[in-house]
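Novice:
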Amino acid sequence: MNITMRRRQFLMSCSALLAAGHLSPALAQDARLRLIFWGGQNRADRTYAVLDAYEAEHGVTIDGEFLSFSDYWAKVATQTAAGEAPDVLQMDGAGRYVAEYASRGAIAELDEFVGDVLKLNDFDVDQLEAGRVDGKLYAISLGANAAGLIANTSKFQQAGIELPGQQTTYDDLWDMREAFAAAGEDIAVITDASGSWSALENWLRQRGKSLYTAEGRMGFSVEDAAEWFALWQRMRDDGVCLSAELQALDTSPATSALTTGKVAMAAEFSNLLVAYQALNSDKLVLTNLPRIATDAPGGHYRRPSMFFSVSNNSSDKEAAARFVSYFVNDIEANRILNAERGIPCSAAVREGIASSMDEAGRAAVEYVGGLGPLLSPPPVTSPSGAGEINESILVLTSQEVAFGARSPEDAGAALVSAGNEALDRAG
C-alpha cells in the first residue's frame, strides 16, 4: 500500500479531531513547500495527516518525504550541497547537526519571524534556548524527551521479575538474566546499547564526565571509553544483552528485538514508546537507564527530541516558518501527533491534548515528568563534528568490539582518537 493511501486512511480516522469547526475553507494560494524527516510508518502517517490538514486550512501544499534515520543524513547532506534542500528539515535533538548546518549557512536564522509568524510566547524556555547557536535561533524543538528503557511488562510478569526502577543498577541486569533463564525465558535482558551515544552519555554523566566539553572537545578519557566497551562485552558474553548478530538486525522499532520478542528491554528515547506500542500487543512501559550505583548522581536530562529548521535555500522562508509554527502550536494537529515526537513545548498544547492522548502518549509524558532525582542540568550544546562521532564513529567502534575485531581497550583508544580527529576537521 502506498503512502498516499495511508495518508487518506489515517486522515479519515482523525476526522473527528479535524471536523469540529476547526478547519476553514482553503485559502486561494498557490504555495508549495517541501518537508523531509526521518521516522517509521507510524510517524509518517501522523505527519502526513497534519500536512493534509494544513493544506485544507491554509491552502499550502507540503510535499513530505521520510527516510530511516540511517539514510536520512546522507540524503540531506547531498540535497544541501546541491542547493536543493527542502524548505523544512527535521534536525537532531542533541543540537549537533543544528550547530553544523548553522555554521555552514545551510539553515536560516528564525529570529525575524518570532512574534507574528512564529508564535513561541508560551514555549518552554529550555526547549527554545536549545535551538540557538551563538545566541541566534536556528531550530524549533518539536517536543521534549529523555533517554530511557522501553520494557515489555509481559516478559517480566511471566518470569515473576519486578520491573526495573530508579534504584536498578547495571549489576542488577545480571540477576534479571538469571531470573529469566530460571523461568524458561531464553531472552536477553536489554538491547546492546554500547553504540548508543545517549546511553554512553548517561553513564558518563553519572561518573561526573560528559560526551563533550564546553570548549568543544571530547569529555571523557580513553580509560572511560574502554571501561564502557568492557561493560557491554561482559553483558554480551553472559547473554545479558543481545548478541552482535541480533543487534545488527535491530535498526528500527519494526525490526527491533523488543518487537520480535528477543529481548525484554530496549534502550530508546521516551517519545519512541508511541511507535513501539503501535507494533506490540504486549503492554510496554518506560523506565530509566540503569545506574552505576544506587547512590550515583542522576545522568538523565530533559532534551529536545528533534527540531524543525528552515533551509536557507527556501524561496519562501516566511511560509516555511508559518508551517513550523502551526506544527508546534495547533492543538488539533498535536492531537493527531500524540506526542510521538516528544512532549509538546507549548503549555497551551499540552493542556489542549491531555484528555485525548492515548495510553502510550500519556506514559511518555509521565515518565519524563517523574524522573525526579535522576534529572540533572542538560549538557552543553554538542560541537560541530559531534554528529559524525555519535552516529558513525561510536556505532562502528562498538560493532568492532561486538564482532571481535577489537578489544575494549583498543576500542577505547580508537574512539577517542577518531573523535578528536572529527572535531578537528569540523572545527
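Heads up: the sequence shown runs through residues -28 to -1, 1 to 399, numbered per mature numbering (1 follows the signal peptide of the UniProt record, and there is no 0). Note that beta-carbon positions come from the ideal geometry of N, C-alpha and C, so glycine has one too.
1) So, with DSSP's three-state summary, where would you put I133?
2) If you run the structure through DSSP and keep just helix, strand and coil, what is L100?
3) Looking only at DSSP bridge pairs, what is S277 linked to?
4) Among L230, F299, E290, A186, whose alpha-carbon lies nearest the alpha-carbon of D59?
5) For the stretch 184 to 210, which segments carrying the alpha helix (DSSP H) assignment without a break, of at least 4 residues, lie completely within its bounds, in sequence order?
6) Starting from L92 and walking both ways along the alpha helix (DSSP H), at which residues does that stretch end?
7) Applying the criterion that 16 or more other CB atoms from any shown protein chain within 10 Å of the CB defines a buried residue, is V105 buried or exposed?
8) What separation, rounded to the nearest whole angstrom, lies between the Cα atoms of I270 and E56?
9) Just checking: is the beta-carbon of T259 within a distance shorter than 8 Å of some beta-carbon in chain D?
10) What first and last residue would you give for the beta strand (DSSP E) that runs through G120?
11) Measure the alpha-carbon distance for A111 versus D96 and round it to whole angstroms.
12) Could you tell me the distance, in whole angstroms, from the CA atom of E393 to the CA atom of L387?
13) May I have the straight-line CA-CA distance separating F38 from W45, to the nearest angstrom?
14) Compute the Euclidean distance between the alpha carbons of S253 and R322, then round it to the nearest angstrom.
15) Please report the residue range of the beta strand (DSSP E) in which F38 lies.
16) Answer with buried or exposed for A335, where buried requires no fewer than 16 other C-beta atoms within 10 angstroms of its C-beta.
17) For V70, which residues does DSSP report across the bridge?
18) Hey, residue 401 and L218 are a contact pair by Cβ (cut 8 Å); roughly how many whole angstroms apart?
19) Tell me, which residues are paired with D64 by DSSP?
20) What first and last residue would you give for the alpha helix (DSSP H) that runs through residue 404?
21) Is D302 buried or exposed, if buried means 16 or more other CB atoms sit within 10 Å of its CB?
22) Between L258 and S242, how many whole angstroms is the CB-CB distance? I'm expecting something under 8 Å.
23) Going by C-alpha distance, which of A154, R206, E173, A119 is nearest Q130?
24) For I361, name the three-state secondary structure that DSSP assigns.
25) Less than 6 Å between C-beta atoms, sequence neighbours within five positions excluded: which residues of the same chain meet that for N285?
26) Taking the DSSP output, what are the residues bridged to V235?
27) Using three-state DSSP, classify L(-2) as helix, strand or coil.
28) Since Y184 and P355 are thought to touch, with beta carbons under 8 Å apart, how far apart are those beta carbons, to the nearest angstrom?
29) Select from I308, P380, C317, A319 the residue whose C-alpha is nearest the C-alpha of S328.
30) Taking DSSP's pairing of strands, which residues face S318 in a bridge?
31) For G8, which residues does DSSP report across the bridge?
32) Based on Cα-Cα distance, which residue from Y142, F85, D222 lies nearest to T232?
33) Could you give the distance in angstroms between the alpha-carbon of A74 and the alpha-carbon of G359?
34) N124: which of F152, W146, T141 sits nearest, CA to CA?
35) Measuring straight from C-alpha to C-alpha, what distance separates residue 425 and G137?
36) Have a look at Q139 and W175 and give me their C-alpha separation to the nearest angstrom.
Specialist: Based on what the coordinates show:
1) coil
2) helix
3) Bridge partners of S277: none, in fact.
4) E290
5) 194 to 209
6) First-last for L92: undefined, no H or E at that position.
7) buried
8) The question names Ile, but residue 270 in the sequence shown is Gly. If I take the Cα positions, the gap works out to 43 Å.
9) Going by chain labels, chain D is absent from the structure shown, which holds only one protein chain.
10) 119 to 124
11) 14 Å
12) 10 Å
13) 11 Å
14) 27 Å
15) 32 to 39
16) buried
17) BP columns for V70 are empty, so no partner.
18) There is simply no residue 401 to check, as the chain begins at -28 and stops at 399 in what is shown.
19) M278
20) Given that the chain is displayed from residue -28 to residue 399, the structure contains no residue 404 and the question cannot be resolved.
21) buried
22) 6 Å
23) A154
24) helix
25) G55, A57
26) A160
27) Residue confidence for L(-2) is low, a pLDDT of 40 falling below 50, so the modelled location carries little weight; the figure read from the coordinates is stated next. It is coil, neither helix nor strand.
28) 6 Å
29) I308
30) F95
31) Per the sequence shown, the amino acid found at residue 8 is Ile instead of Gly. The partner list for I8 (beta bridge, DSSP) reads E37, L61.
32) D222
33) 14 Å
34) F152
35) Past the edges of the chain, shown from -28 to 399, lies residue 425, and the structure says nothing about it.
36) 15 Å
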